[in-house]
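Residue numbers (our numbering), protein chains in the order written: chain A, 173 to 284; chain B, 7 to 121.
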């Protein structure tokens, strides 16, 4: 069955450093991959989408890579700030379906 | 973007009762989705609600337990029936506002605790 793995342990980093979060998947060939941010008591907020034919996408301090051979996406936040502390979810999707498959998320803690 | 108002934000319910969650969107959308997020788990799609037709349920979710209404293009309700402690979870509505399958907007969620 389809499976998405995100590190369940929290990532704890110092302010100013680059945070790197990982999303691995198996038994799936997604057309695209999305990253969402979720704060406590709130719904997820869309951040970035990267398609299977794209290697990398950037938005301000965010960078996402997508390696369909490794079946892995990396999510980077450069010059991290305490305000970046949240849980980050990856989600996979196909063009032929509205259904997204979500990972369980990785919590990021940025220390001042 | 779409603004989604979901209520209640949280509730504590007794076993055997039901809870109805409302989701209001500030613009007309074709597809609305209901997700469940159990503690430490990923979001799981419960059903898709389209206006004017029956909701489409995912494997493991049935209409008797999770009846859904979609009376118009801006509103939907999810009822969680015959509550048990296993139903304690966060329930989220979401919309594909751009109808592109590429970005979902979520409500803030309903935290349900069943005693």
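Glycine is no exception: its CB is placed at the ideal position from the N, C-alpha and C atoms.
Fair warning: this is a prediction, and the values are worked out from it, not measured in the lab.
Inter-residue spacing [alpha-carbon to alpha-carbon] between residue i and residue j
| i | j | result |
| --- | --- | --- |
| residue 262 of chain A | residue 192 of chain A | 13 Å |
| residue 53 of chain B | residue 38 of chain B | 9 Å |
| residue 284 of chain A | residue 187 of chain A | 5 Å |
| residue 238 of chain A | residue 24 of chain B | 43 Å |
| residue 30 of chain B | residue 215 of chain A | 14 Å |
| residue 87 of chain B | residue 44 of chain B | 17 Å |
Cutoff 8 Å: residue i Cβ touching any chain A Cβ
| i | result |
| --- | --- |
| residue 37 of chain B | yes |
| residue 25 of chain B | no |
| residue 102 of chain B | yes |
| residue 83 of chain B | no |
| residue 80 of chain B | no |
Delimiting residues of the beta strand (DSSP E) encompassing residue i
| i | result |
| --- | --- |
| residue 44 of chain B | First-last for residue 44 of chain B: undefined, no H or E at that position. |
| residue 265 of chain A | 258 to 265 |
| residue 68 of chain B | No beta strand (DSSP E) holds residue 68 of chain B; DSSP gives it neither H nor E. |
| residue 28 of chain B | 25 to 31 |
| residue 75 of chain B | 74 to 78 |
Interface flag, residue i vs chain B, CB-CB below 8 Å
| i | result |
| --- | --- |
| residue 234 of chain A | no |
| residue 271 of chain A | yes |
| residue 238 of chain A | no |
| residue 221 of chain A | yes |
Under 9 Å from the C-beta of residue i: neighbouring residues of chain A
| i | result |
| --- | --- |
| residue 114 of chain B | 213, 214, 215 |
Residues that residue i contacts on chain B, provided the C-beta gap is smaller than 8 Å
| i | result |
| --- | --- |
| residue 275 of chain A | 48 |
| residue 247 of chain A | Within 8 Å Cβ-Cβ: nothing; residue 247 of chain A doesn't reach chain B, min ~16 Å. |
Per-residue contacts from residue i into chain A (C-beta, under 7 Å)
| i | result |
| --- | --- |
| residue 98 of chain B | 215 |
Under 8 Å by beta carbon: chain A residues contacting residue i
| i | result |
| --- | --- |
| residue 51 of chain B | 271, 272 |
Proximity test, Cβ basis, 8 Å: residue i and chain C
| i | result |
| --- | --- |
| residue 226 of chain A | Absent from the structure: chain C. Protein chains present are A and B. |
Discussion item. Check whether the segment 45 to 52 of chain B and the segment 24 to 37 of chain B are in contact - that is, three or more C-beta pairs closer than 8 Å.
Written reply: Note that the segment 45 to 52 of chain B does not touch the segment 24 to 37 of chain B; fewer than 3 beta-carbon pairs, one per stretch, sit closer than 8 Å.
Discussion item. Does the structure place the segment 202 to 213 of chain A close enough to the segment 254 to 274 of chain A that three or more beta carbon pairs sit under 8 Å?
Written reply: Counting Cβ pairs under 8 Å, three or more are found: they touch.
Discussion item. Any contact between the segment 92 to 104 of chain B and the segment 58 to 68 of chain B? By contact I mean 3 or more CB pairs, one from each, below 8 Å.
Written reply: The segment 92 to 104 of chain B, when compared against the segment 58 to 68 of chain B, does not touch it at the 8 Å Cβ threshold.
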